[in-house]
Amino acid sequence: MLAAIVRASNHYAMRPALVLDNQTYTYQELFGLAWSICETLRNSIRLMFNGEVGYNDMRSREIDACNYGWHGNLNLGWQQNLPWQLKWSSNMEWMSRRYSLQGYDSGMMMISATLARSFLNDKLDVAISGMSGLGHGGKMYWESVSSTRDFTNISRLIEPMQDITIGITYTFGGKSRKYAEETVSDSFEMGDSRIVKQQMKRRGK
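First residue of the sequence shown? That's 1 in full-length UniProt numbering, and the numbers climb one at a time after it.
Now the structure itself:
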């Protein structure tokens with residue numbers, strides 16, 4: 001069975017960008033296309049595909065700035081029933097660079113997977129989940145750039161994302177209660193995000 005949904009939009013709008021004396025606005029033209037596809041194979045495998053692509057064109061006369069570019073995101077999912085009543089699911093997510101009037105924010109890519117099994121007539125659920133960034137040693141790398149005629153500001157952030165989670169859920173009388181959960185990380189920096197580099201350059205000073 002194959003199911004697909006496609007949506008498209010296009011509009012022209014004037015939105016506030018950077019307020020200087022309450023008089024600064026930017027003209028922003030947007031185009032977007034989103035789609036979702038889901039297919040079930042042999043009643044035991046399910047494939048999911050979600051994506052979006054768009055284009056932004058932003059301009060401001062008051063601050064003499066303009067920027068434009070394409071952006072998109074993609075999510076791939078896989079669910080499968082395995083022997084011994086095991087259930088497997090995995091996802092890969094990718095997001096491209098996104099542009100603003102004065103710069104951009106970088107994209108990211110990550111992957112996650114879960115192996116689960118139910119016991120005691122589906123009252124007890126046990127799951128092992130893992131997550132990791134793709135590239136940069138399994139960490140999330142994020143960069144933000146903002147630039148004007150007077151200065152350029154660049155911020156870079158690296159955050160550890162590799163972890164393994166064990167979850168146990170037991171259902172009492174139709175209500176679920178999380179009994180225990182433990183996260184194991186292969187990095188001592190887990191949960192300790194840090195700014196790697198931030199710099200600002202001023203022009204004409």
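Ideal Cβ positions, reconstructed from N, Cα and C, are used throughout, including at glycine.
Contact belief for residue i with residue j at Cβ below 8 Å, rounded distance in angstroms
| i | j | result |
| --- | --- | --- |
| Ser132 | Met110 | 7 Å |
| Ser112 | Ser146 | With a Cβ gap of about 31 Å, Ser112 and Ser146 do not count as contacting. |
| Ser129 | Gly103 | Their Cβ separation, rounded to whole angstroms, is 35 Å, which puts Ser129 and Gly103 out of contact at 8 Å. |
Test: residue i CB closer than 8 Å to a CB of chain D
| i | result |
| --- | --- |
| Arg59 | No chain D appears in the structure shown, which is made up of a single protein chain. |
Residue i, buried or exposed, once every other Cβ within 10 Å from all chains shown has been counted against 16
| i | result |
| --- | --- |
| Ser44 | exposed |
| Tyr68 | exposed |
| Asp125 | buried |
| Ile158 | buried |
| Leu120 | exposed |
| Pro160 | buried |
| Lys197 | Here Lys197 scores only 46 on pLDDT, less than 50, and its place in the model is too uncertain to base an answer on. |
| Leu101 | buried |
| Tyr179 | Caution applies to Tyr179, whose pLDDT of 49 falls short of 50 and renders its modelled position unreliable; the value that the coordinates give is listed next. So Tyr179 counts as exposed. |
| Asn22 | At Asn22 the pLDDT is 40, less than 50, meaning the model places this residue with poor confidence and gives no usable figure here. |
| Val184 | Residue placement at Val184 cannot be trusted, given a pLDDT of 46 that sits under 50; the coordinates are not used to answer. |
C-beta contact flag for residue i and residue j at 8 Å
| i | j | result |
| --- | --- | --- |
| Gln85 | Ser118 | yes |
| Thr114 | Ala127 | yes |
| Arg98 | His136 | no |
| Lys139 | Tyr170 | no |
| Ser36 | Asn50 | yes |
heavy atom of the ligand MG below 7 Å from residue i C-beta
| i | result |
| --- | --- |
| Ser146 | Looking at this structure, you won't find the ligand MG or any other ligand, since it has none at all. |
Runs of beta strand (DSSP E) wholly within the region 135 to 160 (minimum 3 residues, chain order): 139 to 147, 151 to 160
Every unbroken beta strand (DSSP E) within the UniProt domain "Outer membrane protein beta-barrel" (37 to 129), with a cutoff of 3 residues, ordered by chain: 45 to 60, 65 to 82, 86 to 95, 98 to 100, 103 to 105, 108 to 119
Inter-stretch contact at 8 Å, needing at least 3 Cβ pairs: the region 70 to 81 / the region 92 to 109: yes
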